[in-house]
Structures are given as structure tokens and as C-alpha cells.
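Visitor: Each protein sequence line maps, in turn, to chains E and D.
Heads up: the first sequence begins at 241 in the numbering used here, then just goes up one per residue.
Heads up: the second sequence begins at 44 in the numbering used here, then just goes up one per residue.
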Amino acid sequence: SQTIHQWPATLVQPVGSPLSLECTVEGTSNPNLYWYRQAAGRGLQLLFYSVGIGQISSEVPQNLSASRPQDRQFILSSKKLLLSDSGFYLCAWSSLGSAGELFFGEGSRLTVL
Amino acid sequence: TQLLEQSPQFLSIQEGENLTVYCNSSSVFSSLQWYRQEPGEGPVLLVTVVTGGEVKKLKRLTFQFGDARKDSSLHITAAQPGDTGLYLCAGGKSNYQLIWGAGTKLIIKP
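(1) When DSSP labels each residue in this structure, what does proline 124 of chain D get in the three-state scheme?
(2) Would you mind telling me which residues of chain D sit closer than 8 Å to arginine 282 of chain E, beta carbon to beta carbon, in chain order?
(3) Under 8 Å between C-beta atoms, does threonine 127 of chain D make it to chain E?
(4) Taking buried to mean at least 16 other C-beta atoms within 10 Å of its own C-beta, is asparagine 303 of chain E buried or exposed?
(5) Can you have a look at lysine 148 of chain D and say buried or exposed, based on whether 16 or more other CB atoms are within 10 angstroms of its CB?
(6) Under a Cβ-count criterion, where at least 16 other Cβ atoms within 10 Å of its own Cβ denotes burial, should asparagine 270 of chain E be classed as buried or exposed?
(7) Compare the C-beta of glutamate 84 of chain D against all C-beta atoms of chain E and say whether one is closer than 8 Å.
(8) If the cut is a Cβ gap below 8 Å, which residues of chain E does leucine 88 of chain D touch?
(9) Nearest-angstrom Cα distance between tyrosine 65 of chain D and threonine 91 of chain D?
(10) Using only the alpha-carbon positions, how far apart do alanine 145 of chain D and glycine 85 of chain D sit?
(11) First and last residue of the beta strand (DSSP E) that includes asparagine 272 of chain E?
(12) Taking only beta-carbon atoms, is threonine 91 of chain D less than 8 Å away from chain E?
(13) Give the DSSP-derived three-state secondary structure of aspartate 114 of chain D in the structure shown.
(14) With 8 Å as the threshold, decide whether the Cβ of leucine 330 of chain E is near any Cβ in chain D.
(15) Who are the Cβ neighbours of leucine 286 of chain E in its own chain at under 7 Å, not counting the five residues just before and after it?
(16) Is it true that the segment 126–134 of chain D meets the segment 73–85 of chain D, where meeting means three or more beta-carbon pairs spaced less than 8 Å apart?
(17) Would you say the segment 121–128 of chain D touches the segment 340–347 of chain E, given that touching needs at least three Cβ pairs under 8 Å?
(18) Between glutamate 346 of chain E and chain D, is the shortest Cβ-Cβ distance under 8 Å, so that the two count as touching?
(19) From which residue to which residue does the beta strand (DSSP E) around serine 290 of chain E run?
(20) When we look at the beta-carbon of arginine 103 of chain D and count the other beta-carbons within 10 Å, is it buried (16 or more) or exposed?
(21) CB-CB under 6 Å to glutamate 97 of chain D, same chain, minus the five flanking residues each way: which ones, in chain order?
(22) Measure how close the beta-carbons of alanine 306 of chain E and isoleucine 296 of chain E come, nearest whole angstrom, since I'm counting them as under 8 Å.
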């Protein structure tokens, strides 16, 4: 069966520090991969999606970036965090050609102080 | 711009009661998904509806897609504390074009 894991689960970082959140998927090949951000108790904002290795599309201009160095690995990064980067970050995957069902990781809570 | 509006934003009811939450848009979607999210976790897909007028049942949960594929509803019969969570709807034509509602926060009190 397919599984998705992201880490770390919780992160507290000072303003201006770098960020790296990692996500891996197991049990499937060539997944679409996504990074979302969610404000407290609210809907999801798509940040990045990837349909293949090295292929990244950005939905929202910001100081975050994403990379896909391997088929089932997706990384969210920042060189210098802002206070506004605080939030709950979710990695998700879907199958190519699916009806759009997304399968989410456990989430990473980022607090920038 | 396609928007999905969910209502109510917040609902707190007693165990055993019935409830309906709504997901409405002025735009047509080829499919619509419902997810449930518990605090500190990722959303979990409950159902996908693709045909106008379609009704799907998942135990005590009944999902309906409007005939015009612009709206959807989720009805819960005899709500239980385990139904507590944030219910999100999402519609679109493909994964990266998903439009998300802001969610309905549901609390079922024992």
C-alpha cells in the first residue's frame, strides 16, 4: 500500500533562518507531488506541485522554493524565513490520471519567531 | 475566479443529532471531493462525486453533488463524537487546479 511521510512534525525557527521540510512517498511510482500551506483551521493554499523529477510549478510567489531530486521525494525550502511563513505545511501525492484524489502526509507545524 | 464557499463555518451539536453542511459555487466543477481533517493531521479523503445529481453514502454520511455540478452537501445522520473535525470540500478539473473551500469545523458533543 502507498504511504506518505513528511518531517519534521514540528519546527520552531527564528526569522531569517533557513528551512527544509522533506516528504517521501512509498508504494507508488511517478506520483504528482504537492506542497500546501494551511492557515489555522482553514482551507488549503497550493504552494508548489510537481509532475516529475526536477519539474516544479509554483502557484504563489514567495520566499519559499521546492525541489524534487528523486521520483518520490519532495522538499520545501527557504533561505530566510519570514514571520508570515508560520503555518501548517502539508505534503500530498496523487496518481497520474486519477480523478484528483489527494493523499496527505501528517503535516509539519512551522512557527517562525 | 472559481470559489467554493462552505457553510456553516462552525457547527456544534449534540451526539445523536443530524446535520448538513454545504459547499457552494457559481462555477461548474467536473468533480468534487470531501475531506475530513483532525487537529494536527493531514486531510483524509472521504468521497469523490463526479456526476450531477450523484448521491454517495458512506455509513452515516451522505454526499450529494448538485444537478448542475456547482454545489454539494454532506449530511450526517446520528452524529457521533468521532465525526468531530474540519470538513473540507475541493473541486476542479485536475489535481493542481483544485479549488478548496475554507472548511466547516464540526464539533459533536457527547
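Beta carbons: idealized from backbone N, C-alpha and C, even for Gly.
Nothing here was measured: the structure is a model prediction, and the numbers come from that model.
Guide: Put simply:
(1) Note: proline 124 of chain D maps to helix in three-state DSSP.
(2) Neighbourhood of arginine 282 of chain E in chain D, by CB distance below 8 Å: Ala145 and Gly146, in chain order.
(3) no
(4) exposed
(5) buried
(6) Answer is exposed; the Cβ neighbour count stays below 16.
(7) yes
(8) Those within 8 Å of leucine 88 of chain D in chain E are Glu341, Leu342 and Phe343.
(9) 15 Å
(10) 15 Å
(11) 272–278 is the span of the beta strand (DSSP E), which, as asked, contains asparagine 272 of chain E.
(12) yes
(13) strand
(14) yes
(15) Tyr274, Tyr276 and Glu299
(16) yes
(17) By the criterion of at least three beta-carbon pairs nearer than 8 Å, the segment 121–128 of chain D is not in contact with the segment 340–347 of chain E.
(18) yes
(19) 284–292
(20) exposed
(21) Hits under 6 Å: Phe108.
(22) Cβ-Cβ separation between alanine 306 of chain E and isoleucine 296 of chain E: approximately 5 Å, consistent with a contact (criterion under 8 Å).
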